[in-house]
Structure formats: structure tokens, C-alpha cells
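Written out below as C-alpha cells is the structure these notes cover.
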DNA sequence: GGTAAAAACTAGTCTTGTTAGTTCTAGTCG
DNA sequence: CGACTAGAACTAACAAGACTAGTTTTTACC
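So this is what it looks like as C-alpha cells:
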């Protein structure tokens, strides 16, 4: 009866915390309601349904991740910026595994909600501006951005899925991978003649 | 009453097909049972529970993917092998999105089941042997393998999540990314002195 | 103090996951 | 050929969850 002061954001946050604790697919409406000391049905005043909630968690994660990356790359350039960028991204995924997996679901997010979310857009901008130091021209710049993001995202995903057998510490491969990426960006290969792309 | 001839493999296959059609997280015991013309409870004779079923789908996917990659790289070397390898991987993910996403779940697969599955192990071996043409020594070889896998896996993931805005076709970035990867592998950077890794 | 919007609730439906216990079926052995 | 058994599939049942409709607060404003 006492009003709990719910808002869409508070529900989302509770869901996000839960996701980090027990895994995204154990985030149920009931569990979130319990955590907030509220009945399940009450949540539906703030969030359309479970799918919507997941989408909101994903957007929250994107925002938070972007902020961390922005902090980590501020005032840096070249290799420093690259390393800061990648490490911030990876650390976010480690700190918030549940939120991060929410990011990976094929987009079915409410377009209206997506429009007012800065995170994803700003993340892309950050990547572009970080890579400007490497003096790439379009379309190479876009390709490089996508390669960079793919590598980081993929590494995190494989790491989480247990894809790296115990032999060599993932950490070491990560560092060397960034090294390699850095030199690749410094010597981005020219088009082979005959390649249409 | 008529015996349906269920086996763990047939249940897994039905689950996999369903996953590709409606998405992995709409794969329910009930839905699989319906598809097989059987009651839900009957499935539990062949599969421990839903989580187990998902694990089996993941292993099936790993096996299938490995086979495709093996075919695509057989008798090839260098850039040809690299491109064949990556394209086979990506094509499998496109052809079987549901199965592929099953692959990404943090490992909680029955160890006993995992032990007798060749797919994952063989996939790693294939990657190593494919990269031998590039004449890398350990630990660089392992780092390169991981970088390669990360890039491919990450690209697929971002693509599926709608991470690439419409501007430039993902396909073009993919091709150029493989180009870049190829030259990177040919000129893998030496250690910076002072780097412990 | 009265009122209206919205917050939270109660109650109920439907679907799903899972277990326990039962019946049927196929092949095996006397 | 008929009894026997392993296990395949079933029925029944329960708990938990997603979601809806309708009802009771609560709050803030007039």
C-alpha cells in the first residue's frame, strides 16, 4: 500500500542489478518485483513487458559503457587511447556481465526509446574520433571502426563463453591483440586493385 | 501411444530447428514436444531439462560449424584458407542463427557430454593448422588464433545485434577486414621490449 | 476538504517447466 | 507361442511465471 516510488528507471536498474547477479535469463518480472518489494503486476505500469525491460537494460548498459569509455579516452590519443578504449569496454563487460549480455540480443528495442538513448550513437562517435589519430580515410575508417569493435566484442564474448582454454592467460592475448591492432591501424593495407569493395 | 522413436539426438535436432525459426529463447520444452507430436513430459526421458537441451543444441552447432569450416579450408592455404574459414563460419551463423546463439551461452554444459563432443576441440585445431602458413611461433600463434576468432565471432555478433548502421554494407567491411587481418598475420608485430606478455 | 490521475493492489487466466506414478510396447527368453 | 522386462510415452498434478482486468489507495492540486 505504501507507495514504493517506482519509475521505469528504477525498475530497469533493479532488473540490471539482478541480471548481474543471477544472469540475464533469470531476470523475471516476479524476481524484479520481489527485489523491489512490490507485486508483479505493479511493474506493468512502468514497463511494457519483459521484453521491453530487457531492452531497457540493454540501453542502460550501452549508456554506462559509453560513459566509461569516454572517461578512459579523454585527453588521450593513438595507442593510449586505443588501449584505454578497449580496456574500459572489457572491464565494463566483466563488471556487469548481465547488463552486457542484454546488449547482445538482436534489436527489438522500442524505436521511440532507442531514439532518445544517446549511448549507442555516442559510442560509435567516440570510436570514430579515437581512430582519427590513425589518419584513415573513408571508407577505410568505417571498416577499421567495425574491425576494432568486432575484435573487442568478440574477445569478450569468447572469454565469457569459456572459449579460451586455460593454456595461455587470456589477459596476455588481450594485450598482444591490442598491440597487433595498433600496428594494423598504423599500416592499414591499401586496396588490392580489382577489389570492388 | 504409438511410439514416436525419440532419441536425445532427435529431440536436440527438433530444438535446433525451432531455434533457427523462432529464436533460441522461444525454444521451450512444450514447443519442442508439440513439434515432435509428443507430450512435454516424454522429452524428459531423453534430455535432462531445458538447460541441458540448450547445451546439446550448442554442441550440435559447434559440430556442424566445424564440419563446414573443415570443408571450406581443405586443400587451401594462406589467404584462401583464411577467407574460406571466415566465410564458412559467418555463413553458418547466418544459416542457423538460433543454433549459433546457443553457442554463446556461458558454458554450463554437462562435462560428460562435452567430453565426447569433437566439434569445439577440432575447431581450435583447424584454426591452428590454418594459421601455420603464416609462420608464427608460440605464444604469438595462440594470440593470433584468439584474435582471429574474436574478430570473426564479434563481427557476427554485432551484425546480428544491428550494430552496423546502414551507411556502408557490412559485407564490404567484412571483406576488407579479412584483408587487413591477412596482412596483419603476415606482418605480426614483434614484442615491444619491456612487455612482459 | 474534494477531486482526479496515476500507483499499487487483488484476483484470476494461461503457459511453461518439472516430477511422480502409470500404461503400453518391443523385443527376449523360456 | 506366451510371459517378462526395460524403457518409451502417457496422465495427472503442482509451482512459477507472464500478463490482464478491475479495484483500491495515494498524492498533489484546486
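Protein chains in written order, with my numbering: chain A, 96 to 292; chain B, 96 to 292.
Using N, Cα and C, we set each Cβ at its ideal position, and we do this for glycine too.
Bear in mind that the values here come from a model prediction, so they are computed numbers and not experimental data.
In chain order, each alpha helix (DSSP H) run of at least 4 residues that lies wholly inside the region 163 to 223 of chain B: Annotation note: the region 163 to 223 of chain B contains the following uninterrupted alpha helix (DSSP H) runs of length 4 or greater, listed N- to C-terminal: 173 to 190, 192 to 198, 206 to 210.
Identify each residue in the region 230 to 253 of chain B for which the Cβ-Cβ distance to at least one residue of chain A is less than 9 Å, and report them in chain order. Per Cβ criterion, the list reads 233, 234, 235, 237, 238, 239, 240, 241, 242, 244, 245, 246, 247, 248, 249, 250, 251, 252, 253.
So residue 261 of chain A is in the alpha helix (DSSP H); what residue range does that whole segment cover? Neither: residue 261 of chain A is in no alpha helix (DSSP H) and is coded neither H nor E.
Output needed for residue 128 of chain A: all residues of its chain with C-beta closer than 7 Å, excluding positions within five of it in sequence on either side, in chain order. So the list reads 134, 135, 137, 138, once near-sequence residues are dropped.
So, is the C-beta of residue 274 of chain B closer than 8 Å to a C-beta in chain A? Proximity of residue 274 of chain B to chain A, defined by a Cβ-Cβ separation below 8 Å, is satisfied.
Host alpha helix (DSSP H) of residue 269 of chain B (start-end): Taken as a continuous stretch (DSSP letters only), the alpha helix (DSSP H) holding residue 269 of chain B covers 265 to 281.
Could you check whether the Cβ of residue 184 of chain A sits closer than 8 Å to any Cβ belonging to chain B? By this cut-off, residue 184 of chain A is not an interface position.
Three-state secondary structure assigned by DSSP to residue 229 of chain A: Residue 229 of chain A falls in the helix class under three-state DSSP.
By Cβ distance below 8 Å, which residues in the same chain neighbour residue 132 of chain B in space, the five residues on each side in sequence not counted? The answer, listed in chain order, is 99.
Have a look at A:152, A:273, A:123, A:141 and flag the residue whose alpha-carbon is nearest the alpha-carbon of residue 200 of chain A. Considering only A:152, A:273, A:123, A:141, the residue with the shortest C-alpha distance to residue 200 of chain A is A:152.
Is it right to say residue 249 of chain A is buried, meaning 16 or more other beta carbons lie within 10 angstroms of its own, or is it exposed? Burial call: buried.
Using a 10 Å radius around the Cβ and a threshold of 16 neighbouring Cβ atoms, would you call residue 260 of chain B buried or exposed? By the neighbour-count rule (16 or more Cβ atoms within 10 Å), residue 260 of chain B is not buried but exposed.
Do we get a CB-CB distance below 8 Å when we pair residue 259 of chain B with the residues of chain A? With respect to chain A, the C-beta atom of residue 259 of chain B has a partner C-beta closer than 8 Å.
Please list, in chain order, the chain A residues whose beta carbon lies closer than 7 Å to that of residue 217 of chain B. Per Cβ cutoff of 7 Å: no residues; residue 217 of chain B is ~13 Å from chain A at best.
Whose C-beta lies closer than 8 Å to the C-beta of residue 217 of chain A among residues of the same chain, with five residues either side of it excluded? Excluding positions up to five away in sequence, the list reads 161, 165.
Helix, strand or coil: which one does DSSP assign to residue 102 of chain A? Coil.
In three-state terms, what does DSSP make of residue 249 of chain B? Helix.
Which first and last residues belong to the alpha helix (DSSP H) in which residue 131 of chain A is found? Start and end: 124 to 131.
Would you check if there are 3 or more beta carbon pairs closer than 8 Å linking the region 229 to 239 of chain A to the region 235 to 252 of chain B? No, they do not touch.
How should residue 272 of chain A be labelled, buried or exposed, when 16 other C-beta atoms within 10 angstroms of its C-beta is the threshold for buried? Classification of residue 272 of chain A: buried, given that the 10 Å Cβ count is 16 or more.
Please decide whether residue 278 of chain B counts as near chain A, where near means a Cβ-Cβ distance under 8 Å. Residue 278 of chain B counts as touching chain A.
Inter-residue spacing [alpha-carbon to alpha-carbon] between residue 276 of chain A and residue 157 of chain B: Our two residues, residue 276 of chain A and residue 157 of chain B, have alpha carbons roughly 28 Å apart in a direct line.
Please tell me whether residue 278 of chain A and residue 244 of chain A are closer than 8 Å, where the distance is taken between their beta carbons. Taking a C-beta distance under 8 Å as the contact criterion, residue 278 of chain A and residue 244 of chain A do not qualify as a contact pair.
Of the listed residues A:122, A:102, A:232, A:270, nearest to residue 197 of chain A (C-alpha basis): Closest option to residue 197 of chain A, judged by alpha-carbon separation, among A:122, A:102, A:232, A:270: A:122.
Tell me which same chain residues have a C-beta within less than 8 Å of the C-beta of residue 170 of chain A, skipping the five on either side of it? A distance below 8 Å between beta-carbons, with the five flanking residues on each side excluded, links residue 170 of chain A to no residue of its chain.
Would you decide whether residue 102 of chain A is buried or exposed? Buried here means 16 or more other CB atoms lie within 10 Å of its CB. Result: exposed.
Whole angstroms are fine: how far does the CA of residue 140 of chain A sit from the CA of residue 105 of chain A? C-alpha of residue 105 of chain A to C-alpha of residue 140 of chain A: approximately 12 Å in a straight line.
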